[in-house]
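**Q** Sequential numbering from 1 applies to the sequence shown in full-length UniProt numbering.
Please read through the structure below; I'll follow up with questions.
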Amino acid sequence: MEYGVALPTMVRGVQGRDLLDWARRAETAGLADLAVLDRLVYGNDEPLVTLAAAAAVTERIRLTTGILIAPYRSNTALVAKQAASVHHLSGGRLTLGVAVGARPDDYAASGAEFGDRGRRLDTMLAEMRKIWAGGEIGPEPPGGDPEILVGGRAPGALCRAVAHGDGYFAAAGPPQTFAERAGDVRRRWQEAGRPGAPRVVAQAYYALGPDADAHVREHLGDYYSFAGRLAEMMIKGALTTPERLREAARAFADAGCDELVLVPCAAGPEQLDLLAETLREAV
């Protein structure tokens, strides 16, 4: 199983220079992937723009939208061009994780229809594949299309991963839940007659160090303030000690996870150092 880390774009007060430093340090630490989350009505940087900046200060690490809420972006051709551009500028390192999202305010702010987002994403994915296959809209993605991972909890998302994706990007949650959804995707993949196997990716929130619990409660309490009981579930499930993180990593690996993305609840550079140290001891 590979390990990735999300940039702390959702942490309040993070500076642009901090994000670029995280990108450099993540690559130096030997992590496989650098992921970026997406919201519109929030203080985060836009994911594809952020990954373009990260591409400029790294050479090898994979760059992933984890995930991009594609349906509130009205112009499919523009999204396809932006993704192809990041893929081109990075030398073929983009993985495009996509999902429909769950926040009506993001859709209201963009003018997109919240209730139509599933159908809209299906259409977008089919159209982007056609655009990348060649034509007037470039650049041509180097080495083929960006890998597409589809995220989401609903059955429709699992079907979408099989119909349009190269794999599945699970929402944050316990290893047991991941195992069930990943197993469902693999079963549907085989039933659809698709060759090979889908790549399945999990994510988990973390903070390490003496203030880990405080970081988790402050960040996730803010980020999931709309979600009631879900906020407490996320806080309770966050990995706040090296022992818990290594135990979770083993459980995800046993569940057949191809990659575990750790999502930080604090933006200090020590969080990346502590993570790298913990993962070295987990190998």
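Beta carbons: idealized from backbone N, C-alpha and C, even for Gly.
Could you tell me which whole alpha helix (DSSP H) segments of length 4 or greater appear in the region 203 to 240?
**A** 212 to 223, 229 to 237
**Q** Go ahead and label Asp-116 buried or exposed: buried means 16 or more other beta carbons lie within 10 angstroms of its beta carbon, across all protein chains shown.
**A** Indexing the sequence shown from 1 puts residue 116 at position 116. Burial check for Asp-116: the Cβ neighbour count within 10 Å stays below 16, so the residue is exposed.
**Q** Decide if Arg-74 is buried, meaning its Cβ has at least 16 other Cβ atoms within 10 Å, or exposed.
**A** Taking the first residue of the sequence shown as 1, we reach residue 74 at position 74. The sequence shown places Ser at residue 74, rather than the Arg named in the question. Exposed, since its Cβ has fewer than 16 Cβ neighbours within 10 Å.
**Q** Mapping DSSP to helix, strand and coil, what is Arg-199?
**A** As a working note, residue 199 is residue 199 in the sequence shown. In this structure, Arg-199 counts as strand in the three-state DSSP scheme.
**Q** Would you mind reading off the limits of the beta strand (DSSP E) that contains Val-162?
**A** Taking the sequence shown and counting its residues from 1, one reaches residue 162 at position 162. Element bounds for Val-162: not the beta strand (DSSP E) but the alpha helix (DSSP H), 155 to 164.
**Q** Let me know if Asp-254 comes out buried or exposed under the rule of 16 or more other beta-carbons within 10 Å of its beta-carbon.
**A** Taking the sequence shown and counting its residues from 1, the one referred to as residue 254 is at position 254. So Asp-254 counts as exposed.
**Q** With DSSP as the reference, label Ile-148 as helix, strand or coil.
**A** Your numbering for residue 148 matches position 148 in the sequence shown. Strand, per DSSP.
**Q** Just the C-alpha distance for Glu-232 and Arg-217, rounded to the nearest angstrom, thanks.
**A** Residue 232 sits at position 232 when you count from the first residue of the sequence shown. Residue 217 sits at position 217 when you count from the first residue of the sequence shown. Each residue's alpha carbon lies about 9 Å from the other.
**Q** According to DSSP, simplified to helix, strand and coil, what is Gly-16?
**A** Position 16 of the sequence shown, counted from the start, is the residue given in the question as residue 16. In the structure shown, Gly-16 sits in a helix (DSSP, three-state: H, G or I).
**Q** Do the CB positions of Val-261 and Gly-92 come within less than 8 Å of each other?
**A** On the sequence shown, residue 261 is found 261 positions in, with the first residue counted as 1. On the sequence shown, residue 92 is found 92 positions in, with the first residue counted as 1. It is not a contact, given that the beta carbons lie outside the stated cut-off.
**Q** Would you mind reading off the limits of the alpha helix (DSSP H) that contains Arg-62?
**A** Taking the first residue of the sequence shown as position 1, residue 62 is located at position 62. Counting along the chain, Arg-62 falls outside any alpha helix (DSSP H), though it belongs to the beta strand (DSSP E) covering 62 to 69.
**Q** Excluding the five sequence neighbours on either side, which residues of its own chain have a C-beta within less than 8 Å of the C-beta of Val-162, listed in chain order?
**A** Start at 1 with the first residue of the sequence shown, and residue 162 comes out as number 162. Cβ neighbours of Val-162 beyond the five flanking positions: Val-185, Arg-188, Trp-189, Ala-192, Arg-194, Pro-198.
**Q** Check each candidate in Gln-176, Val-100, Glu-113, Val-86 and name the one with the smallest Cα separation from Ala-204.
**A** As a working note, residue 204 is residue 204 in the sequence shown. Considering only Gln-176, Val-100, Glu-113, Val-86, the residue with the shortest C-alpha distance to Ala-204 is Gln-176.
**Q** So, under 8 Å CB-CB, Val-200 and Val-150 are touching, yes? Tell me the CB distance rounded to an integer number of Å.
**A** Your numbering for residue 200 matches position 200 in the sequence shown. Your numbering for residue 150 matches position 150 in the sequence shown. The pair is not a contact, with the Cβ atoms about 11 Å apart (cut-off 8 Å).
**Q** Report the three-state DSSP secondary structure of Val-261 (helix, strand or coil).
**A** Within the sequence shown, residue 261 is the residue found at index 261, counting from 1. Note: Val-261 maps to strand in three-state DSSP.
**Q** Is DSSP giving Tyr-42 helix, strand or coil here?
**A** Locating residue 42 in the sequence shown gives position 42, where the first residue counts as 1. Three-state DSSP puts Tyr-42 in coil, outside helix and strand.
**Q** Look at the alpha carbon of Val-122 and the alpha carbon of Pro-210, and state the distance between them as a whole number of angstroms.
**A** Residue numbering aside, residue 122 sits at position 122 when the sequence shown is read from its first letter. Residue numbering aside, residue 210 sits at position 210 when the sequence shown is read from its first letter. Residue identity differs from the one stated: residue 122 is Asp in this sequence, not Val. Their Cα atoms are separated by approximately 44 Å.
**Q** Less than 8 Å separating the beta-carbons of Pro-71 and Ala-112?
**A** Taking the first residue of the sequence shown as position 1, residue 71 is located at position 71. Taking the first residue of the sequence shown as position 1, residue 112 is located at position 112. Contact: yes.
**Q** Please classify Met-57: is it buried, with 16 or more other beta-carbons within 10 angstroms of its beta-carbon, or exposed?
**A** Locating residue 57 in the sequence shown gives position 57, counting from the first residue. Looking at the sequence provided, one finds Val at residue 57 rather than Met. Burial call: exposed.
**Q** What residue from Arg-62, Ile-235, Val-100 has the CA that sits closest to Pro-174's CA?
**A** What you label residue 174 is simply residue 174 of the sequence shown in a count that begins at 1. Considering only alpha carbons, the answer is Ile-235.
**Q** How would you write the range of the beta strand (DSSP E) that Phe-169 sits in, first residue to last?
**A** Locating residue 169 in the sequence shown gives position 169, counting from the first residue. Its beta strand (DSSP E) spans residues 167 to 169.
**Q** Quick check: what's the CA-CA separation for Glu-136 versus Leu-40?
**A** Residue 136 sits at position 136 when you count from the first residue of the sequence shown. Residue 40 sits at position 40 when you count from the first residue of the sequence shown. About 29 Å.
**Q** Can you tell me which of the three DSSP states Leu-121 falls into?
**A** As a position in the sequence shown, residue 121 is number 121, starting the count at 1. Residue state, collapsed to three classes: helix.
**Q** Is Glu-180 helix, strand or coil by DSSP?
**A** Looking up residue 180 in the sequence shown gives position 180. Three-state result, Glu-180: helix.
**Q** Which of the three DSSP states is assigned to Ala-6 in this structure?
**A** Counting from one through the sequence shown, the residue named residue 6 turns up at place 6. Of the three classes helix, strand and coil, the one that applies to Ala-6 here is strand, per DSSP.
**Q** Please report how far the alpha carbon of Asp-33 lies from the alpha carbon of Ala-108, in whole angstroms.
**A** Translated into positions along the sequence shown, residue 33 becomes position 33. Translated into positions along the sequence shown, residue 108 becomes position 108. Distance between the alpha carbons of Asp-33 and Ala-108: 32 Å.
**Q** Quick one, which of Asp-258, Asp-222, Leu-96, Val-263 has its alpha-carbon nearest Ala-238's?
**A** Indexing the sequence shown from 1 puts residue 238 at position 238. Comparing Cα-Cα distances from Ala-238 to each of Asp-258, Asp-222, Leu-96, Val-263, the minimum goes to Val-263.
**Q** Taking C-alpha atoms, which residue in Ala-202, Gln-82, Cys-159 lies nearest to Pro-146?
**A** Locating residue 146 in the sequence shown gives position 146, where the first residue counts as 1. Comparing Cα-Cα distances from Pro-146 to each of Ala-202, Gln-82, Cys-159, the minimum goes to Gln-82.
**Q** Would you kindly work out how many angstroms separate the C-alpha atoms of Cys-159 and Asp-213, rounded to a whole number?
**A** Numbered from 1 along the sequence shown, position 159 holds the residue referred to as residue 159. Numbered from 1 along the sequence shown, position 213 holds the residue referred to as residue 213. Going from the Cα of Cys-159 to the Cα of Asp-213 covers about 36 Å.
**Q** If distances are taken between C-alpha atoms only, which option among Arg-24, Ala-172, Tyr-206 comes closest to Arg-244?
**A** By one-based count along the sequence shown, residue 244 stands at place 244. Measuring from the Cα of Arg-244, the nearest candidate turns out to be Tyr-206.
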